[in-house]
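> So the number in my numbering is just where the residue sits in the sequence shown, counting from 1, plus 932.
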Amino acid sequence: MPPWFTTFLSRFQRAFAVAVVIAQGGIAVTGSIVRVTGSGLGCPTWPQCFEGSLVPTPHPEVAWLHQWVEFGNRTLTGVVGVIAALCVLAAWFDRPRRRRVLVLGLVQFGGVVLQAVIGGITVLTGLLWWTVSVHFLVSMLLVWFAVLLVASLGEGDEPARPLVPRPLLALQVVQAVTLGLLLLAGTFVTAAGPHAGDSDTPRLDAPVDTLSQLHADLLFLFLGMLVALGFALKGHPVPRRPYRVLVGVVLAQGTLGLVQYWTGVPEVLVSLHVLGAGAVVVATAALWVSTRERPRAAHLAEDGLRSQTAGSSVASHA
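1. In this structure, how does DSSP classify residue 971 when only helix, strand and coil are distinguished?
2. Can you give me the Cβ contacts of residue 1025 inside the same chain, cut-off strictly under 7 Å, excluding the 5 residues immediately before and after it?
3. Closest to residue 986 by CA distance: which of 992, 995 and 1000 is it?
4. How many Å lie between residue 1058 and residue 1114 at the Cα?
5. So, at 6 Å on beta carbons, what are the nonlocal neighbours of residue 945 in its own chain, with the 5 sequence-adjacent residues on each side left out?
6. Here's a check: name, in chain order, each residue in its chain whose Cβ is nearer than 8 Å to the Cβ of residue 1104, leaving out the five neighbours to either side.
7. Comparing alpha-carbon positions, which option in 1170, 978 and 1135 lies nearest residue 1054?
8. For residue 955, does the three-state DSSP call read helix, strand or coil?
9. In this structure, how does DSSP classify residue 1032 when only helix, strand and coil are distinguished?
10. Using DSSP with H/G/I as helix, E/B as strand and the rest coil, what is residue 1228?
11. Indicate the three-state DSSP secondary structure (helix, strand or coil) for residue 990 in the structure shown.
12. Answer yes or no: do residue 1192 and residue 1183 have a C-beta to C-beta separation smaller than 7 Å?
13. Excluding five sequence neighbours on each side, which residues of the same chain lie with their C-beta closer than 6 Å to the C-beta of residue 1133?
14. Please work out which residues of its chain come closer than 6 Å, Cβ to Cβ, to residue 936, disregarding the five sequence neighbours upstream and downstream, and give them in chain order.
15. Taking DSSP as the reference, what is the three-state secondary structure of residue 1093?
16. Indicate the three-state DSSP secondary structure (helix, strand or coil) for residue 944 in the structure shown.
17. Leaving out the 5 sequence neighbours to the left and right, which residues in its chain are closer than 7 Å to residue 1076 when beta-carbon positions are compared?
18. At which residue ranges does the region 1078-1162 contain complete alpha helix (DSSP H) runs of 4 or more residues, listed in the order of the chain?
19. Can you have a look at residue 1064 and say buried or exposed, based on whether 16 or more other CB atoms are within 10 angstroms of its CB?
20. Just tell me which of 1028, 1068, 1049 and 1052 has its CA closest to the CA of residue 962.
21. Looking only at its own chain, which residues have a Cβ that is under 8 Å from the Cβ of residue 998, when we skip the five neighbours before and after it?
22. Less than 7 Å separating the beta-carbons of residue 1012 and residue 1050?
23. Between which two residues does the alpha helix (DSSP H) containing residue 1203 stretch?
24. Just how far apart, CA to CA, sit residue 1034 and residue 1074?
25. Measure the Cβ-Cβ separation of residue 903 and residue 1041 and say whether it is below 7 Å.
26. How many whole angstroms separate the CB atoms of residue 1226 and residue 1092, which I take to be in contact at a CB cut-off of 8 Å?
27. Can you give me the C-alpha to C-alpha distance between residue 964 and residue 954, rounded to a whole angstrom?
28. Taking its Cβ as the centre, do 16 or more other Cβ atoms sit within 10 Å of residue 1106, making it buried, or is it exposed?
29. Using DSSP bridges, identify the partner residues of residue 982.
30. CA-CA distance, residue 1258 and residue 1036?
31. Reducing DSSP to helix, strand and coil, say where residue 1168 ends up.
32. Tell me whether residue 1007 sits in a helix, a strand or coil according to DSSP, three-state version.
33. Mind reading off the beta-carbon distance from residue 1078 to residue 952? Whole number of angstroms is fine, and I expect it under 8 Å.
Following this line, the structure appears as structure tokens:
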């Protein structure tokens, strides 16, 4: 690699990592726009848009708007892939090369490839509701690992050392699992709701009211654990900002969900709710890393790497 390129990668490594957090969350939002506009089969084949054409083409059975909305979402996958590839290259050419940063970068790039395949399966199966759910949940998982990537640039490579008692770490694990179930229940509500992504797509045959209640109950459980965690964190050497941000984001997301339910699930609120889900994942992951630290090995410290801790690193981007 020419020196100017490796210098460029080194200088903007953190910017690439922050960008991949935004990109992984953002493509989930554009996916929701595909759904609420009924454009899920705007490009009915994969990887081509239509047989013999990678791009939209005039077709009597598919509206022009639906074609370009779906094609735009597919194109953004390439943008996310480029950003993830830059994260990998920056980690590879960094000196000394850090294995954890490289692995987390590869997770992002591999995740983009996996999502392209899942997206293809989703289209080829006619937008089966469970394929759409998997597509969304993988995006949220990649957002979580993207936050860990940002944190890894400001921490060492030694084993993680807890900053709080182990029972609180266990509570965070349960909280993370609850968040996963909360997101899963949210996909069930959407799968049974009015926004199918295409008018002919079969829906999840379950009462929307019951699924919405399950979703709300999991939110209350998540909030309860968050309150308990807030009291338990007092007196421990962890940044308070990630916790406050998470509380604010969860309350805003819960309020938005209620408004969405009371107003008949308008399209714009669906996309805002997906954006809020990504924000909750980012904030939860930021709190996760703030309760742990990874010291630097002595030889890395002597090389003059940044001394910022994982918690303050992610909190600065929250």
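All residues carry an ideal CB built from backbone N, CA and C; glycine is no exception.
If we stick to the structure as given:
1. DSSP places residue 971 in coil when its eight states are reduced to three.
2. 933, 938 and 941
3. 1000
4. Approximately 25 Å between the Cα atoms of the pair.
5. 1022
6. 1161, 1219, 1220 and 1223
7. The shortest C-alpha separation from residue 1054 is found at 978.
8. helix
9. In the structure shown, residue 1032 falls within a helical segment according to DSSP collapsed to helix, strand and coil.
10. It is coil, neither helix nor strand.
11. For residue 990, the three-state secondary structure derived from DSSP is coil.
12. No, Cβ-Cβ distance for residue 1192 and residue 1183 is not below 7 Å.
13. 1059
14. none
15. strand
16. The answer is coil: DSSP assigns residue 944 none of H, G, I, E or B.
17. 1213 and 1217
18. 1098-1124
19. buried
20. 1068
21. 969, 970, 971, 973 and 974
22. No, the pair does not count as a contact, with Cβ atoms beyond the cut-off.
23. 1199-1222
24. 15 Å
25. Any question about residue 903 goes unanswered here, given that the chain covers just 933 to 1250.
26. 5 Å
27. 15 Å
28. exposed
29. 985
30. Given a span of 933 to 1250 for the chain in the structure shown, any question on residue 1258 remains unanswerable.
31. coil
32. helix
33. 5 Å
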